[in-house]
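Novice:
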Amino acid sequence: MKALVYEAPGKGKITDISMPVCGDDDVIIKIESCGICKWSELAHNSSGTSLAKYPCTPGHEFAGTVYEKGKNVTAVEIGDAVTVDNATNCGDCYYCRNDQSLYCENFASIGHNIQGGFAEYVKASKDKVFLIPENLSFDEATVAEPVACAVHCMDVLDAKTGENVLVLGVGPHGLILGQLCHHSNAQKAVTIGGLENKLQILRECGVPVIKMDRKDYSIHEEAIKKEFPHGVDAIIDTTGYWPLVQSVFKFLKKGGRFIQYGSYHSSEDFVIPPSWFNEIHYNEQKYIGVSCQTFCFDRALAYMASGKVKVDQFITHKFSLDDYFKALEVNRTDREAIKVIINP
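Structure below.
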């Protein structure tokens, strides 16, 4: 079958590989749609990523149809439309045995260290395969994985009735979390971003937004002061962009929560002043990291099917597998791109 293969970081090509072999508890899925994400770029550049096992076929956000199934698989049938939870835990390590499978010491992931979805077919364990609701397309279902991660973030946030929340960023994760926070217990949840096409998606979903000007941060700072004169109870950063974090952190209330959801990928070092940590210390604020998810796919698909999380406008570009590297370049350089999809 045809697949994208990286023999080493930065050395990828479209080539032929063997079809996956279906075990008794496995499902073979014919890929209909697979989404490009930041990790796709990391696999492509020379630095790679620590989770990858080379040779590597990326692609952990995908959907397709059941092509083959093992004898122990009863929840799905041949031809069913499905998506897959890519995350796999061992069940035997210290963390798994203490009900903390998200921190599994032997964590594995389809599209990272297991053959992923930028291929014609992929194999998944039966317990990781989920039926796609009838009102969602294959392209929309590829976004279930980032929605699931955002659902986990909401669990960590645990917004209380009457709280105010600020979401930083309008990439796919910011657009998802902006909607989830809007439908949470929070009294008001506002999302900050700089690109008009993405802010408009949130406006159409009823989510309040503040436009950011990278050349003049005082504009969004004044808007935040006006919207939240007493500050916010929680900030979720999906950007991994320190200048923006530094700009808005002062609006976090005493006792507030700052959730670091976006990764920092910049090669540039930056200095965090000691006074920043003192502020966290004296104000008893909480700085919390959130990453990945386990056991959130059912809820993610339910949110999407209900319309509380709308992702149809996320799909801005589509390419064939043969044009993967063109798609990757669009994802990297076109600031108005949101979700770039590969349809093999």
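If you read the sequence shown in our numbering, its first letter stands for residue 14, the second for the next number, and so on. Think of the CB as a built atom: it goes at the ideal place given N, C-alpha and C, for glycine as much as any other residue.
Does DSSP classify F271 as helix, strand or coil?
Specialist: strand
Novice: Can you grab the Cα-Cα spacing for the pair T346 / D226, in whole Å?
Specialist: 19 Å
Novice: Put E81 into one of helix, strand or coil per three-state DSSP.
Specialist: strand
Novice: If you draw a straight line from the C-alpha of I248 to the C-alpha of V180, how long is it?
Specialist: Whole-angstrom Cα-Cα distance: 6 Å.
Novice: Taking the continuous alpha helix (DSSP H) assigned at E349, which residues delimit it?
Specialist: Premise fails: E349 is in no alpha helix (DSSP H) and is neither H nor E.
Novice: State yes or no: is the beta carbon of F262 nearer than 9 Å to at least one beta carbon in chain B?
Specialist: In summary, chain B is missing from the structure at hand, where a single protein chain is found.
Novice: What did DSSP end up calling H330 once you bin it into helix, strand or coil?
Specialist: strand
Novice: With distances taken from CA atoms, which of D168, A100, F151 and C162 is nearest F136?
Specialist: In the sequence on display, residue 136 carries Lys and not Phe. Checking every option, the nearest Cα to that of K136 belongs to A100.
Novice: Assuming contact is defined by CB atoms lying nearer than 9 Å, are V160 and L314 in contact in what I supplied?
Specialist: yes
Novice: Grouping DSSP H, G and I as helix and E and B as strand, with all else coil, what is V160?
Specialist: Annotated three-state conformation of V160 is helix, per DSSP.
Novice: Taking the beta carbon of Q200 as the centre, do at least 16 other beta carbons fall within 10 Å, making it buried, or is it exposed?
Specialist: exposed
Novice: Need the endpoints of the alpha helix (DSSP H) that A374 sits in, please.
Specialist: With the chain running from 14 to 357 in the structure shown, residue 374 is simply not present.
Novice: What do you get for D98, buried or exposed, if any count of 16 or more other CB atoms within 10 angstroms of its CB means buried?
Specialist: buried
Novice: For T155 and L334, what's the separation of their Cα atoms in angstroms?
Specialist: 15 Å
Novice: Grouping DSSP H, G and I as helix and E and B as strand, with all else coil, what is E118?
Specialist: coil
Novice: V34: buried (16+ other C-beta within 10 angstroms of its C-beta) or exposed?
Specialist: exposed
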